[in-house]
Amino acid sequence: MVKAKLTGSAAILLVSDIDISAEYYRSKLGFESVRFYGDPHDFCILGRDGYYLMLTKATAEETIIPNWKLKEKTSNVYFWVDDAEKIYNEYLERGVEIDYTLYITHYNVKEFGVSDPDGYDISFGELLK
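Written out as structure tokens, the structure is:
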């Protein structure tokens with residue numbers, strides 16, 4: 000039997016304001032807007048380097064709870080990168096709030112994390128040889 004091939008994945012984040020979050024990911028993290036939905040916007044897709052992130056607006060009844068509030072050192076989104084130091088410096092130049100600074104983990108990954116407008120930890124890691 001021929002199996003269907005997975006072609007990618009995208010994290011989905013529940014956010015308080017689509018436009019504020021999308022602008023953060025564009026201006027601070029270098030993503031591009033792929034598509035917005037709703038009037039006013041209640042969903043969008045953003046991408047960078049062939050990887051995507053989806054944002055959906057929280058209703059008044061829904062609570063935004065970043066993973067780190069439930070378990071320490073757990074990011075909501077983790078992106079693998081080819082040069083962690085380079086993207087770290089890019090984000091410093093853009094004025095991004097660094098949540099935890101660049102370091103090498105015990106599992107040999109050079110990583111750092113940033114905090115988005117809703118308090119989500121977005122991490123970036125480079126697997127070292």
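Number 88 in this note's numbering belongs to position 89 of the sequence shown; there are no gaps in the numbering. In this text, a Cβ means the ideal position worked out from N, Cα and C, and glycines have one as well. All values reported here derive from a predicted model rather than from experimental measurement.
Beta bridge counterpart(s) of Trp79 as assigned by DSSP
Gly124
Looking at the ligand MN, does it come within less than 7 Å of Leu101, judged from the CB to the closest heavy atom?
With respect to small molecules bound, the structure shown includes none, and the ligand MN cannot be examined in it.
Please report how far the alpha carbon of Leu12 lies from the alpha carbon of Val1, in whole angstroms.
In this model, Leu12 and Val1 are separated by some 33 Å (Cα to Cα).
Since I believe Asp120 is in contact with Asp98 (beta carbons under 8 Å), could you give me their beta-carbon distance rounded to a whole number of angstroms?
6 Å
Rounded to the nearest angstrom, how far is the Cβ of Lys27 from that of Phe42, given a contact under 8 Å?
The Cβ separation is near 20 Å, so there is no contact.
Apart from the five residues on each side of it in sequence, which residues of its chain come closer than 6 Å, Cβ to Cβ, to Val108?
Closer than 6 Å at the Cβ level, and outside the excluded window around Val108, lie Gly124 and Leu126.
Quick check on Val95: buried or exposed, where buried means 16 or more other Cβ atoms within 10 Å of its Cβ?
buried
What are the start and end residues of each continuous beta strand (DSSP E) run of 3 or more residues lying completely inside the region 83-108, in chain order?
97-103
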